[in-house]
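Note that the working numbering has the sequence shown beginning at -12, numbered continuously upward.
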Amino acid sequence: MTNSLLFDPTSYDPDHFDPETRRLLRALIEWFESRGKKRLLEDDLEAVWPDDFLAFVKREKLFATFLTPAELSGGDPDKRWDAARNAALSEIFGFYGLAYWYAWQVTMLGLGPIWMSGNRAAKERAATLLDDGGVLAFGLSEKEHGADVYSTDMLLTPADNDPDLAFTASGDKYYIGNGNVAGMVSVFGRRTDVEGSDGYVFFVADSRHPAYHLQGNVVHGQMYVSTFRLEDYPVREEDILHMG
-12 MTNSLLFDPT SYDPDHFDPE TRRLLRALIE WFESRGKKRL LEDDLEAVWP DDFLAFVKRE
48 KLFATFLTPA ELSGGDPDKR WDAARNAALS EIFGFYGLAY WYAWQVTMLG LGPIWMSGNR
108 AAKERAATLL DDGGVLAFGL SEKEHGADVY STDMLLTPAD NDPDLAFTAS GDKYYIGNGN
168 VAGMVSVFGR RTDVEGSDGY VFFVADSRHP AYHLQGNVVH GQMYVSTFRL EDYPVREEDI
228 LHMG
């Protein structure tokens, strides 16, 4: 068992976890160590998007194993949301590089509104996305308002003339991690037809949709901290996570 308060990749052995958790944690350390300090530093300085890391995540089903609740595991006993495991994984990411931790952390943030919603279809979509190696994003902050939810300018207009839609959404988001590749972005906005807090909405958007306009990375780094705009983005009932 690991006894030191400081993380040491050469001696780290989380033997208090189950075999598959231990295997994945060690596999992750070995992946980083195989790249070496020189390459990790070069990738950081040159702001290389970590495609190779995400390929590892997909191959090993790392995020799927650590972030899928047991109720959506399909009977796989290794898939569960376990705070102790997630803390251990975060420590490893923090040791090797902020960009790797960031891709993981904002995926967790994006999952929060989904896992806490009553939308079973969205939950199943998220579980499938994780199993396929995808990442998520959390679309709350805006350039003019930061994370001030009372002042959001992401507006949802009722789609009264389209029976297949609930709303169309338009507005900008700023400082959104993984916004360049997220298969599901949990976006916060407000309805144009309801005043006050009853009009607040969390809904899911897909960064690959043509009405999702990626505008760029607001930092220079391996992390993709995006700004994006939705322009009449179609929001269906099955995309809505929370209202009010």
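Yeah, the Cβ is synthetic: ideal placement off N, Cα and C, and Gly gets one too.
Just list the residues that DSSP pairs residue i with in beta bridges.
i	result
L123	M171
A146	The partner list for A146 (beta bridge, DSSP) is empty, contrary to what the question assumes.
Y220	A156
V212	G164
H207	H207 pairs with nothing; no bridge assigned.
Could you tell me the alpha carbon to alpha carbon distance between residue i and residue j, rounded to whole angstroms?
i	j	result
D147	D180	12 angstroms
D226	T144	14 angstroms
D119	F50	10 angstroms
E111	L59	7 angstroms
S184	T214	25 angstroms
E33	A153	43 angstroms
G186	T155	14 angstroms
K48	L117	8 angstroms
T(-3)	G99	34 angstroms
E224	D0	46 angstroms
A169	D30	21 angstroms
S194	L(-7)	38 angstroms
A71	Y89	18 angstroms
R177	R107	22 angstroms
D219	T115	26 angstroms
Where does residue i fall in DSSP's three states?
i	result
V191	strand
Q92	helix
R177	strand
F(-6)	coil
D140	coil
G105	coil
G97	helix
E131	coil
Measuring alpha carbon to alpha carbon, tell me which of the options ends up nearest residue i.
i	options	result
R9	P150, K25, A75	A75
L96	A113, K66, R26, G23	A113
L27	E224, L41, Q209, W102	Q209
I79	D5, W91, P56	W91
A57	F4, W102, R22	W102
F19	F43, A124, M171, D63	F43
L85	A134, V222, H207	H207
What are the uninterrupted segments assigned as alpha helix (DSSP H) that are 4 or more residues long and contained completely in the stretch 10 to 49, given in chain order? 38 to 47
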